[in-house]
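Trainee:
2 protein chains.
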Amino acid sequence: MPRWTSRQARKSPFIPTMRELARCYQAFERLDARLLRDHGFTTSQADVIFTLGNTPGMTCKELGERTLITKGTLTGVLDRLEGKGLLDRRPSPDDGRSYIVALTPAGEEAFEATYPEHIARIGERFNQVDPRKLEKIRSTLAELRAALE
Amino acid sequence: MPRWTSRQARKSPFIPTMRELARCYQAFERLDARLLRDHGFTTSQADVIFTLGNTPGMTCKELGERTLITKGTLTGVLDRLEGKGLLDRRPSPDDGRSYIVALTPAGEEAFEATYPEHIARIGERFNQVDPRKLEKIRSTLAELRAALE
DNA sequence: TGACGAAAGTTCTAATCCGAACTAAATTAG
DNA sequence: CTAATTTAGTTCGGATTAGAACTTTCGTCA
Numbered sequence: 811m812p813r814w815t816s817r818q819a820r821k822s823p824f825i826p827t828m829r830e831l832a833r834c835y836q837a838f839e840r841l842d843a844r845l846l847r848d849h850g851f852t853t854s855q856a857d858v859i860f861t862l863g864n865t866p867g868m869t870c871k872e873l874g875e876r877t878l879i880t881k882g883t884l885t886g887v888l889d890r891l892e893g894k895g896l897l898d899r900r901p902s903p904d905d906g907r908s909y910i911v912a913l914t915p916a917g918e919e920a921f922e923a924t925y926p927e928h929i930a931r932i933g934e935r936f937n938q939v940d941p942r943k944l945e946k947i948r949s950t951l952a953e954l955r956a957a958l959e
Numbered sequence: 811m812p813r814w815t816s817r818q819a820r821k822s823p824f825i826p827t828m829r830e831l832a833r834c835y836q837a838f839e840r841l842d843a844r845l846l847r848d849h850g851f852t853t854s855q856a857d858v859i860f861t862l863g864n865t866p867g868m869t870c871k872e873l874g875e876r877t878l879i880t881k882g883t884l885t886g887v888l889d890r891l892e893g894k895g896l897l898d899r900r901p902s903p904d905d906g907r908s909y910i911v912a913l914t915p916a917g918e919e920a921f922e923a924t925y926p927e928h929i930a931r932i933g934e935r936f937n938q939v940d941p942r943k944l945e946k947i948r949s950t951l952a953e954l955r956a957a958l959e
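Protein sequences, first through last, are from chains W and Y.
Using the working numbering, the letters of the first sequence map in sequence onto residues 811 to 959.
Using the working numbering, the letters of the second sequence map in sequence onto residues 811 to 959.
#1: Under a Cβ-count criterion, where at least 16 other Cβ atoms within 10 Å of its own Cβ denotes burial, should Y/E934 be classed as buried or exposed?
#2: Closer than 6 Å by C-beta to W/A856: which residues in its own chain qualify, once you throw out the five before and the five after it? Chain order, please.
#3: Which class does Y/P901 belong to by DSSP, given the choice of helix, strand or coil?
#4: Indicate whether Y/L862 and Y/A912 have their beta-carbon atoms separated by less than 8 Å.
#5: Checking contacts by CB at 8 Å: is W/Q818 closer than that to chain Y?
#6: I want to see whether chain W comes within less than 8 Å of Y/A920, judged by CB atoms only; does it?
#7: Given this structure, state the Cα-to-Cα distance separating W/F824 from W/P866, to the nearest angstrom.
#8: Quick check on the DSSP output: what are the complete beta strand (DSSP E) runs of length 3 or more inside the segment 835-904 of chain W, in order along the chain?
#9: Compare the C-beta of Y/G917 with all C-beta atoms of chain W and state if any pair is closer than 8 Å.
#10: Can you tell me whether W/P826 is buried or exposed? The criterion is at least 16 other CB atoms within 10 Å of its CB, across all chains shown.
#11: Near Y/Y925, which residues of its chain fall below 7 Å by C-beta distance, leaving aside the five closest residues on each side in sequence?
#12: How big is the Cα-Cα spacing for W/G893 and W/R899?
#13: Quick check: what's the CA-CA separation for W/V939 versus W/C834?
#14: For chain Y, find out if any of its Cβ atoms is closer than 8 Å to the Cβ of W/I947; answer yes or no.
#15: Name, going along the chain, the residues of the segment 823-846 of chain W whose beta-carbon falls closer than 9 Å to a beta-carbon of chain Y.
#16: Find the residues of chain W that neighbour Y/E959, judging by a C-beta separation of less than 7 Å, and give them in chain order.
#17: Against W/A923, what residues of chain Y qualify as contacts under a CB-to-CB distance less than 7 Å, listed in chain order?
#18: Give a yes or no on whether the C-beta atoms belonging to W/L951 and Y/E919 are separated by under 8 Å.
#19: Identify the continuous alpha helix (DSSP H) that holds W/G933 and give its terminal residues.
#20: Quick check: W/L888 and W/T914, are their CB atoms within less than 8 Å of each other?
#21: Any beta-carbon of chain Y closer than 8 Å to the one on W/G933?
#22: Check the C-beta distance from Y/A837 over to W/E959 and give it rounded, since I have them as a contact under 8 Å.
#23: Sorted by chain position, which residues of the same chain lie with C-beta nearer than 8 Å to W/L1005's C-beta, five sequence neighbours on each side aside?
#24: Can a CB atom of chain W be found closer than 8 Å to the CB of Y/T950?
#25: Run through the DSSP bridge pairs and tell me what W/A912 is partnered with.
In structure tokens:
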């Protein structure tokens with residue numbers, strides 16, 4: 811994950827932007843991870859729990875697409891959450907290759923106990939930033955992403 | 811790394827922005843990693859090489875601050891690059907606790923062979939985006955980061 | 001229907017990642 | 001000047017990461 815240095819920044823106009831993108835993303839990650847550690851989750855685990863909360867469950871494929879976790883990685887994350895008793899994998903009735911991943915009652919409980927508070931705590935930080943600016947960032951980042959993909 | 815789902819996005823205004831930030835960062839990462847693999851580097855390794863290129867070297871601490879690599883991680887990355895003969899660690903003359911990390915001649919050679927081409931290839935993608943928009947993103951992201959740190 | 005290519009998940013490897021504990025050296029306090 | 005604190009870097013443990021190879025099942029096409 812090249813996080814561009816200021817020396818490089820002088821050479822090319824896009825580098826400071828990507829450098830700031832990396833810094834900002836990591837700052838968010840660190841804050842998120844710190845808050846979630848209090849609940850006993852890693853960010854990936856919480857992402858899975860938050861995605862499955864209040865749903866009837868979904869396939870690994872769909873879960874991977876929503877969380878942006880690669881399928882090879884997802885297997886391990888699901889193993890650990892299943893080991894904690896927070897979710898289970900049942901064979902899909904429609905497709906012999908896939909599983910439906912869903913929260914157990916204990917998992918739903920963990921979701922309810924964690925999600926609202928977490929969102930609230932993260933949200934406090936964002937109150938300091940103009941929502942219109944956030945929306946502007948979002949749309950321009952989407953444009954940038956299109957160029958990168 | 812919670813990458814927010816659209817379900818969550820409906821609940822709170824900042825979530826779509828962070829979701830897009832994560833997606834954009836990861837898209838950049840993937841592109842970067844793919845291009846660097848051709849040169850036999852991981853993104854972290856390239857980040858170190860690019861940061862050390864054309865410098866007299868620096869301490870692990872400074873290198874970690876510039877690359878945003880945590881010190882515990884940095885040790886391993888440096889070990890591997892040292893194993894490839896691309897850099898060396900010499901005890902600092904000023905401080906008995908620290909080392910000066912610098913590229914070897916082979917490392918400088920790798921830097922010259924990799925950096926300009928890599929920047930050029932990444933830069934192609936950015937030509938599609940208005941530089942003023944990029945600058946706008948950068949400054950607003952910096953503002954956002956200040957709220958998160 | 002029977003082969004063949006695509007898709008869903010798992011497994012594997014090598015690298016990264018963070019945080020915490022640790023060692024050694026430097027700095028500060030009294 | 002000595003004791004306490006801080007700092008630089010390494011080591012360690014648990015988890016995540018991507019990608020590639022692999023197994024099983026599905027879908028298609030002839």
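From the three backbone atoms N, C-alpha and C, an ideal C-beta is built for every residue, glycine too.
The model shown is predicted, which means the values in this text are computed figures rather than measured ones.
Mentor: Looking at the atomic coordinates:
#1: exposed
#2: L846
#3: strand
#4: yes
#5: Caution applies to W/Q818, whose pLDDT of 41 falls short of 50 and renders its modelled position unreliable; the value that the coordinates give is listed next. Output row for W/Q818: interface = yes.
#6: no
#7: 43 Å
#8: 897-901
#9: no
#10: buried
#11: F860 and G863
#12: 11 Å
#13: 14 Å
#14: yes
#15: P823, F824, I825, P826, T827, M828, R829, E830, L831, A832, R833, C834, Y835, Q836, A837, F838, E839, R840, L841, D842, A843 and L846
#16: A837
#17: Within chain Y, no residue comes near W/A923; the closest Cβ sits about 16 Å away, beyond 7 Å.
#18: no
#19: P915 to F936
#20: no
#21: yes
#22: 5 Å
#23: Beyond the ends of chain W as shown, which are 811 and 959, falls residue 1005 of chain W; an answer cannot be given.
#24: yes
#25: W/D898
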